[in-house]
Amino acid sequence: MKTLRPIFAAAGASVVSIIVTTVVTIWAELSAPFKAFLTNYTGHHWVTKSFLSVIVFAACFTICWLAGSHVAAPRTKKALIALEIVVLVCSVVLLGFFIYEFVKA
587 MKTLRPIFAA
597 AGASVVSIIV
607 TTVVTIWAEL
617 SAPFKAFLTN
627 YTGHHWVTKS
637 FLSVIVFAAC
647 FTICWLAGSH
657 VAAPRTKKAL
667 IALEIVVLVC
677 SVVLLGFFIY
687 EFVKA
């Protein structure tokens, strides 16, 4: 169905974008040179991560859109379930990481 294609593409792109943002956030907190590398592009590492997230989302959305020309409801449902799981897991990972960093200090 045509209406499922953008939902499928957005879910897939969101999954990849969330994972990339989570990895880059933790990596930047653990590596001062990497955080400085991010800061060099826009003046602040948060802004660079935001731009990176938008770029990754747009690229993955396009790829998923092109790959999902015949998206059925079950495939879209699986993509949305994957999105829910990734949101929960990455939220717990980030929360756990920052709690650990706070307690460790």
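The opening position of the sequence shown corresponds to residue 587 in our numbering, with each subsequent residue numbered one higher.
In this text, a Cβ means the ideal position worked out from N, Cα and C, and glycines have one as well.
Quick caveat: nothing in here was measured; it's all calculated off a predicted structure.
In summary, A597 is buried, with 16 or more beta-carbon neighbours lying within 10 Å of its beta-carbon over all protein chains present.
Exclusion of the five residues before and after L624 leaves A614, H631, T634 and K635 as the residues of its chain whose Cβ lies within less than 7 Å of its Cβ.
In chain order, T634 and F637 place their CB closer than 8 Å to the CB of T628, counting only its own chain and leaving out the 5 sequence neighbours on each side. Contact between V642 and S603 holds, since their C-beta atoms are separated by about 5 Å, short of 8 Å.
Between C676 and T589 a beta carbon distance of about 28 Å is seen, past the 8 Å cut, so the two are scored as non-contacting.
Counted as a single uninterrupted DSSP element, the alpha helix (DSSP H) harbouring G598 occupies residues L590 to L616. For the 8 Å CB-CB criterion, I605 and F683 do not form a contact. Less than 8 Å divides the Cβ of F594 from the Cβ of A665.
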